[in-house]
Structures are given as structure tokens and as C-alpha cells.
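The structure appears below as C-alpha cells.
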Amino acid sequence: MPYDQNLSMDQLVQSDRVHKACYADDDIFEQELENIFYKSWIYMGHESQVPNPGDYWTTWIGKQRMILSRGDDGQVHVLYNRCPHRGALLCNAQHGNAGKAFRCPYHAWQFHMDGSVRQIPMKQGYDGTADVLQDAEFAMKKAERYDTYRGFVFASLSEDGPDLLTWLGQGAKAAFDDICNRSPEGEVEVVPNCFRIIQKSNWKIFLENQLDALHPSITHHSTGDAAAEMQKVYKERTGEDAPMGYQMLADFTLPFEKWDSISTYGYEYGHTVLGGYMGLRPRDPVTLDHEAGLAEAYGAERMEEILSTNVHHVLVYPCLSVQPPLQQLRAVRPLAADKTMTEIWHFRLKGAPEGIYERSLAYYYHVNSPSTMVNADDLQNFYSCHEGLRQAGGGDWVSFHRNAGQDITEGGVTTSVTGMSEQPMRNMFAAWKKYMSGGN
Ligand code: FES
Ligand SMILES: [Fe+2]
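Read in order, the letters of the sequence shown correspond to residues 1 to 440 in the numbering used here.
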């Protein structure tokens, strides 16, 4: 999109407003890939996606196609999906088991699951030309760095920068601690496969929406009202409370005051957290059973501590939105300035009652899946925002003025004064500006 190229970074990103080119300009998008997606840590998947040697999943870091694999020695690896011979994609399927080796479909070079060369047909053709079995140039390239936190695998295409734990920090680590601690075994297991949505909008519009506490009562009003009405009908007809899925939707009708009372927190590197608002501890047999299991594993006090952790969304900037109490996450894969893919995954808490999984599944289907009325309404807003922003006329700015200048910063953590404060957007853009200016 045409915009004044003389605008400095400070002019594009101000403390309470941002220029629309940050969302809609193709060159800025390319710079985002270079400075943000190829420098920070990006979520690749969960270790349980590749439980056995030879297992692999393909995924992306920006425009780079990557492979998550499990070697014979049980180690998980992240590799570039590119054959070192003439450049073909090694894995064309989304996931599978490669057996003993990745075998290139073009000329059958074979590679171990850690990328090293296993075999090359008619190898004598290389006698006197190159050491194709030993020279690193002929191995599949590994991601510059990869690491795991509690089973969640991240990779970085930059050799420099903070290690994964430093980068996650207290704010983002809490997402994975909260999700895993809810299992009496301290572990989760992915439920394959995921839903995928291609959104016709910039990736930041999706992330900003996750912590936008002003929109639910407006955007999702009709869905929430219909669910609340059905709860009444269910009770009248059966004498019992409707299944929890109805409440998950009815919550969207909460009054503004309630949304405004939730806190949001901003951390370094752009990670942001929205406090919880859903009552997920009814006194039903499933919850009691879950509590008993956790108390047996960790003691009553620790069980209480774990279940009172009250967060709704944790954004691991720029690549993830995690909902720990509902065991799901959405991974953000930017494809172009105006095109973003999100993957919607959910998890089982190992050792927890089946009813807890069913609760997670209900939220997955009712709220996060592509076919829900909730998601359809959000997607329409995302498209509509991007459509407004990509146009040359009509104004240049996106406003983040709500409660600007009132954020409270202490010990590197920024807290909003109200739930509807646009503090999360300001926090994300502060990180964006740092990354785009060459810092990480
Ligand atoms: S391109 Fe892979 S073996 Fe030739
Ligand atoms: Fe929404």
C-alpha cells in the first residue's frame, strides 16, 4: 500500500496509535518475517505429535517450510524441509512416519531423522568430487536453534538471541506450566489433528483480538443470547442444568462492567496475558474427581494453587495464543500481509478424568472451531478491519488510546488499569518496534 516512506519507526508506531501501513504494507510484512519471525522463537508443535522414531510433521516459520521429526535415539529435531541435492521438498505430506529415513522423491537421497545423510544412490559418481556422506553441506539443514519447554517445541532461525526460557520469561512460561500442571502426571498429549483457518487479514489483527475484552459482548452478543436462552429451555424441559458448552457461549453476554474488571498483563518480547473470567470449577462429579486426582498427586494445597490459576489467554508473541484452563492453543502462521493461517490444537491432560477432556472438546467445537458462530463473527471483523486498513484513503491511523498513559509498570510487567484497556495492543507494538528496529 502507498504510504510516506519517510516516516520513521517512531512515527509509524506511537505510544497510542499505529500507522495502517504496519498491517497492510507488503514491504513491512517482509521486514516482519526477517526481524520478528526469523529471529524470535516460533512454535513448531508438541512432542506428542511425533511419539515414535521416524514420525514427522511439517510446519512453517514465516515462508520457510520446516519439519518436526523424532530420531531413532528418541530426540526431537527441527529441520528445513529442503533436499540439499537440488532443493526439492523432502516431506510433501503433512505428517507421517518416514520409517528409517527421509527419502527424497526426486533422486532418492536418504537422510536420518536428524538430517544427516544416510545413503545416496550410485554414490561412486561423487568419487573425487565431494564427500557427500560427511560434508555438512549435503545434510538436511537443522533449524539454527530448537528447544522444548514442557513438551512444547520451539525453533529459531537465528543463531543469536535469548535462549527459549529467557525469551518465554515468567509470563509466557506460565501458559505451559498452567496447562501441564492441571494434569496429575504433569503432562499433556496433543489430540491430532488440528483445525486450520486461512484468515484474509494481517496476523496482528488476530493476536490483538485475543485480548480485546471490549468486543465479546458486542461481536458475540447474538450467539451468547441464543445460548443463554437455550439454557433456560433445557432446564425447563429436563429439570437439569444444560451441558457446560452452553455456558461457554452464554459467557459472551457478560456485561461491560464484568469485562472491564479483568486484568491484562504485558511482558517483555510482547507476551501478554488476559485474566480468566469463566467459572471452570462447578461442583459437578467430573470437577470433584479431577480435584481429587490432583490432590492425590500434589497435595490439597498445591491442587488449590493449580486450579486457582486464573488466566484466559496467554499470547506468546508473535506465534501463539494459549488457553491453558481449556487445554488449547492457536498457532499463528503469517502467509502474507493480508493472509494468515491459524492452527487450532487441543490437548488431553494425562491422567485426568475423561469429563475434563470432554469440556475441552466442547470449547474447541463451540468457540474455537472454524464453524462456530463465535469464530465466524471474529473472522468477519478481521477481514473487515484489514479491508479498511489496506485502502489508501479514509485516514491513516489505528487507535490504541483507550487508557493510554495509565498502564502501571513494575518489575518489567505492565498491568492494565481496566480489562478493556488497549494496554495489550500497546505492549505488543512496543515489542514489534524493538524487533523491527533490529533488537530482539
Ligand atoms: S532433489 Fe532430492 S535427491 Fe535430488
Ligand atoms: Fe471474539
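Note that beta-carbon positions come from the ideal geometry of N, C-alpha and C, so glycine has one too.
Considering residue i, what are the terminal residues of the beta strand (DSSP E) in which it resides?
{"i": "Lys235", "result": "Where Lys235 is concerned, there is no enclosing beta strand (DSSP E), although the alpha helix (DSSP H) it sits in stretches over 221-238."}
{"i": "Asn97", "result": "95-97"}
{"i": "Ile120", "result": "That residue, Ile120, is in no beta strand (DSSP E); it is neither H nor E in DSSP."}
{"i": "Glu410", "result": "408-410"}
{"i": "Trp109", "result": "Element bounds for Trp109: n/a, residue is neither H nor E."}
{"i": "Tyr80", "result": "76-80"}
{"i": "Glu189", "result": "188-190"}
{"i": "Leu12", "result": "Counting along the chain, Leu12 falls outside any beta strand (DSSP E), though it belongs to the alpha helix (DSSP H) covering 9-12."}
{"i": "Gly45", "result": "42-46"}
{"i": "Lys339", "result": "339-349"}
{"i": "Tyr56", "result": "55-61"}
By Cβ distance, which residues of its chain are closer than 6 Å to residue i, with the 5 residues on each side in sequence left out?
{"i": "Asp16", "result": "Phe400, His401, Ala404"}
{"i": "Ile408", "result": "Thr415"}
{"i": "Leu214", "result": "Met420"}
{"i": "Pro370", "result": "Phe195, Ile197"}
{"i": "Val132", "result": "Ile120, Tyr126, Phe138"}
{"i": "Gly293", "result": "Pro184"}
{"i": "Val453", "result": "Nothing can be reported for residue 453, as the shown portion of the chain is limited to 1 through 440."}
{"i": "Leu33", "result": "Gly62"}
{"i": "Asp26", "result": "Ala337"}
Quick one: give me the first and last residue of the alpha helix (DSSP H) that residue i is part of.
{"i": "Phe382", "result": "373-389"}
{"i": "Pro424", "result": "423-436"}
{"i": "Thr309", "result": "Taken as a continuous stretch (DSSP letters only), Thr309 belongs to no alpha helix (DSSP H), as it is neither H nor E."}
{"i": "Gln210", "result": "203-210"}
{"i": "Met248", "result": "244-250"}
{"i": "Tyr277", "result": "Premise fails: Tyr277 is in no alpha helix (DSSP H) and is neither H nor E."}
{"i": "Asp260", "result": "256-260"}
{"i": "Tyr23", "result": "21-24"}
Go through its chain and collect everything with a Cβ distance to residue i's Cβ below 8 Å, but skip five positions before and after it.
{"i": "Lys39", "result": "Ser156, Leu157, Ser158, Gly161, Tyr435, Asn440"}
{"i": "Tyr277", "result": "Asp251, Leu254, Lys258, Trp259, Ile262, His312"}
{"i": "Gln231", "result": "Asp241, Ala242, Tyr246, Gln247, Ala250"}
Confirm, please, whether the CB-CB distance from residue j to residue i is below 9 Å.
{"i": "Val190", "j": "Gln49", "result": "yes"}
{"i": "Asp377", "j": "Thr223", "result": "yes"}
{"i": "Gly151", "j": "Glu47", "result": "yes"}
{"i": "Ile197", "j": "Gln327", "result": "no"}
{"i": "Gln247", "j": "Gly279", "result": "yes"}
{"i": "Ser184", "j": "Gly411", "result": "It is worth fixing the name first, because residue 184 is Pro in this sequence and not Ser. No; because the gap between Cβ atoms is not below 9 Å, this pair is not in contact."}
{"i": "Phe382", "j": "Gln199", "result": "yes"}
{"i": "Ala24", "j": "Leu12", "result": "no"}
{"i": "His77", "j": "Asp114", "result": "yes"}
{"i": "Met303", "j": "Val153", "result": "no"}
{"i": "Thr264", "j": "Gln423", "result": "yes"}
{"i": "Asp147", "j": "His95", "result": "no"}
{"i": "Arg333", "j": "Thr342", "result": "yes"}
{"i": "Trp41", "j": "Leu207", "result": "no"}
{"i": "Thr58", "j": "Asn35", "result": "no"}
{"i": "Tyr364", "j": "Ile344", "result": "yes"}
{"i": "Asn202", "j": "Leu7", "result": "no"}
{"i": "Pro105", "j": "Asn92", "result": "yes"}
{"i": "Lys204", "j": "Met428", "result": "yes"}
{"i": "Arg118", "j": "Lys100", "result": "yes"}
When DSSP labels each residue in this structure, what does residue i get in the three-state scheme?
{"i": "Ala392", "result": "coil"}
{"i": "Thr367", "result": "For the sequence presented, residue 367 should be read as Val rather than Thr. Three-state result, Val367: helix."}
{"i": "Met445", "result": "The displayed coordinates of the chain run from 1 to 440. Any statement about residue 445 would go beyond what the structure contains."}
{"i": "Ile67", "result": "strand"}
{"i": "Ala292", "result": "helix"}
{"i": "Gln199", "result": "strand"}
{"i": "Ala300", "result": "helix"}
{"i": "Gln327", "result": "coil"}
{"i": "Gly270", "result": "helix"}
{"i": "Arg145", "result": "strand"}
{"i": "Ser158", "result": "coil"}
{"i": "Ile179", "result": "helix"}
{"i": "Phe29", "result": "helix"}
{"i": "Leu320", "result": "strand"}
{"i": "Pro285", "result": "helix"}
{"i": "Gly419", "result": "coil"}
{"i": "Trp471", "result": "Residue numbering for the chain in the displayed model covers 1 to 440; residue 471 lies beyond these limits and cannot be assessed."}
{"i": "Ser399", "result": "strand"}
{"i": "Ala101", "result": "coil"}
Spatial neighbours of residue i within its chain, please: CB distance less than 7 Å, with the 5 preceding and 5 following residues excluded, ordered by chain position.
{"i": "Met418", "result": "The amino acid occupying residue 418 in the given sequence is Thr; Met does not appear at that position. Around Thr418: Asp260, Asn403."}
{"i": "Asp225", "result": "Thr253"}
{"i": "Thr219", "result": "Asp377, Asp378, Asn381"}
{"i": "Ile356", "result": "Val286, His290, Leu349"}
{"i": "Lys235", "result": "Asp241, Ala242"}
{"i": "Glu144", "result": "Ser156, Leu157, Ser158, Glu159"}
Go through the residues and name those whose CB comes closer than 7 Å to any heavy atom of ligand 1, in chain order.
-> Those residues placing their Cβ nearer than 7 Å to any heavy atom of ligand 1 are, following chain order, Cys83, His85, Arg86, Gly87, Ala88, Cys104, Tyr106, His107, Ala108, Trp109.
What residues does ligand 2 have around it, judged by CB closer than 7 Å to any heavy atom, in chain order?
-> Residues whose Cβ lies closer than 7 Å to any heavy atom of ligand 2, listed in chain order: Asn209, His215, Pro216, Thr219, His220, Val374, Asp377, Asp378.
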